Amino acid sequence: MSQSSNADWLARSQAAVWHPCTQMQHHADSGSPTHLPLVPISHGKGAWLYDFDGKRYLDGISSWWTNLFGHANPRINAALREQLETLEHVMLAGFTHQPVVELSERLSALTAGTLGHAFYASDGASATEIALKMSFHYWRNVGRPEKTRFLCLQGSYHGETAGALAVTDVAIFKDAYAPLVRAATVMPSPDFRQAEAGESPADVARRAAAALESHLERHGQHIAALIVEPLVQGAAGMVMYDPEYLRLARQLCDRHEVHLICDEIAVGCGRTGSFFAHEQAGIRPDLMCLSKGISGGYLPLSIVLSSDRIYNAFLDDSVARAFLHSHSYTGNPLACRAALATLDIFAEDDIVAVNRQKAAKIASALAPLAGYRQVKHLRQRGMIAAFDVATSDPHFSRKFYRAALSHEALIRPIGNTVYLMPPYIVSDEEILHLGNAISGALAEALI
Ligand SMILES: *Cc1c(COP(=O)(O)O)cnc(C)c1O
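Under our numbering, the first residue of the sequence shown is numbered 17, with each subsequent residue one higher.
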């Protein structure tokens, strides 16, 4: 490990690295209310990250929702070491290998065989683009070339490349690049915070589904697919909704011959209480996107799982009818091996059941927050807990983030929504640490 201090790495990073989704000037002026600290990390272990000056931070958001079983996990490390000595990479066009075959088989089994084919890329946005292209191309291959439009939900987030931005409805990401994008049609979100007096979350879901129905009745013949984040719209601010919406959307998509794409990039892999979030609605999608947690937070990997029906429509002598998409690192063996090691931990340790207990601990650690006057809509779905903060302070989110760091916690609000999305190895004591860091940071940020 390097002997340099935080200050050295800060200066060098600011001079040479362009950080993602960041106004770089906010890293520089440490006296300003918009200041965003840049934290140099020397190493990680379990749920903790350590800087170069000996400070530590509990990773309350799994390093942007990717890390499921902690940093430097011994089992994933061992699998990767072995893979490194065997095969680090081979192109997937014309070649195949053990990790990619085994991973595809196991993912298909996890969908009870309904999504029998796995297509590979490296990041979530690419998975979105692949799913959209597959849907569009399927309809052309089956003689329905007029089906070229897509539907997404209000507040949806499916990635930030130009194709993925078309189905992303988060203003900060979308507005700047609108002229580059062929925007999809935005349908009302089933966000249960929109309940009117006397309405249940299922009622809100039915109201949103009714709007989808009337749109499909008018325009269904031109629509290729509806893309949704099942149960929780993450980047919108952990917007949660009733599974009834997915059941109704599935029926409507079937009736109007529209694909249902489930983007499980954030909510898949045990995050919401079942291995895939859509299982809680008792439905299956036609296409599913996975990334983030699937490799345990180790390596960039994304996957689009497709039904046999879609896959079969591409089989033909003609190359033009094939699915025309590739990335240099498609199906990288190291990334696939990290995913297999991740799935092994799920099976060996019965993680979905373990998470149920941890989710209950998170609920009790956060329950006292309901007493704060400014805390609204305290909500939880499995290993995602969130609440909104009623404040007119435009700098709340940064103030809270800085205060949480001083309480040894990485908790980065989305606007005025504070959320926890910890790694699944988080201990009961660490859950209490996160709860205390939140109440401490809240008290300081609301001054
Ligand atoms: C993060 C995310 C993406 C994009 O993944 P990247 O790897 O960041 O491109 C897409 N959809 C959802 C639901 C996500 O949370």
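Cβ coordinates follow ideal geometry from the N, Cα and C atoms, glycine included. Given the structure is predicted, the values throughout are model-derived calculations rather than measurements.
Query                                                                                                                                                    : Result
Let me know the secondary structure DSSP gives Y136 once reduced to three states.                                                                        : strand
From the beta carbon of T38, is the nearest beta carbon of chain C less than 8 Å away?                                                                   : Among the protein chains of the structure shown there is no chain C, as only one such chain exists.
Buried or exposed: Y193, going by 16 or more other Cβ atoms within 10 Å of its Cβ?                                                                       : exposed
How is S216 classed by DSSP in three states: helix, strand or coil?                                                                                      : coil
Going by DSSP, name the residue or residues bridged to M254.                                                                                             : M254 is not bridged to any residue.
Per the contact definition of three or more C-beta pairs closer than 8 Å, is the segment 164 to 173 in contact with the segment 188 to 208?              : yes
Quick check: is any heavy atom of ligand 1 less than 7 Å from the C-beta of S79?                                                                         : no
Suppose you measure from the CA of F68 to the CA of R395; what does that come to, to the nearest Å?                                                      : 36 Å
So, helix, strand or coil for M17, using DSSP?                                                                                                           : Per-residue confidence for M17 stands at a pLDDT of 49, beneath the threshold of 50, marking its modelled position as unreliable; the derived number appears in the next sentence. Looking at M17 - three-state DSSP - the assignment turns out to be coil, as it is neither helix nor strand.
Going by C-alpha distance, which of W81, G47, F152 and I447 is nearest E273?                                                                             : F152
Report the option in L462, V255, V442 and V370 whose CA atom is closest to the CA atom of Y435.                                                          : V255
Going along the chain, which residues of its own chain have a beta-carbon closer than 7 Å to the beta-carbon of S311, five neighbours each way excluded? : L317, A351, A354, A355 and T358
Report the start-end ranges of each alpha helix (DSSP H) in the segment 52 to 84 that is 4 residues or longer and not cut off at the edges.              : 78 to 81
Can you give me the C-alpha to C-alpha distance between Q30 and G387, rounded to a whole angstrom?                                                       : 41 Å
From this set, D279, A252, R287 and G298, which residue's C-alpha is nearest Q267's C-alpha?                                                             : G298
Flag D366 as yes when its Cβ comes closer than 7 Å to any non-hydrogen atom of ligand 1, and as no otherwise.                                            : no
With DSSP as the reference, please indicate the residues paired to T483 in a beta bridge.                                                                : Because residue 483 is not part of the residues shown, which for the chain are 17 to 463, the question remains open.
Measuring only the C-alpha atoms, how far is A461 from H35?                                                                                              : 25 Å
What does a CB cutoff of less than 6 Å around N83 pick up in its chain, not counting 5 residues either side in sequence?                                 : G313 and P439
For ligand 1, is there a heavy atom less than 7 Å away from the beta-carbon of E104?                                                                     : no
How would you label I281, buried or exposed, when you count the other beta carbons within 10 angstroms and need 16 or more for buried?                   : buried
Going by the DSSP bridge assignment, what does I277 pair with across the sheet?                                                                          : I243 and L303
Report whether the distance from the Cβ of K190 to the nearest heavy atom of ligand 1 is below 7 Å.                                                      : no
Helix or strand or just coil, what does DSSP make of Q114?                                                                                               : helix
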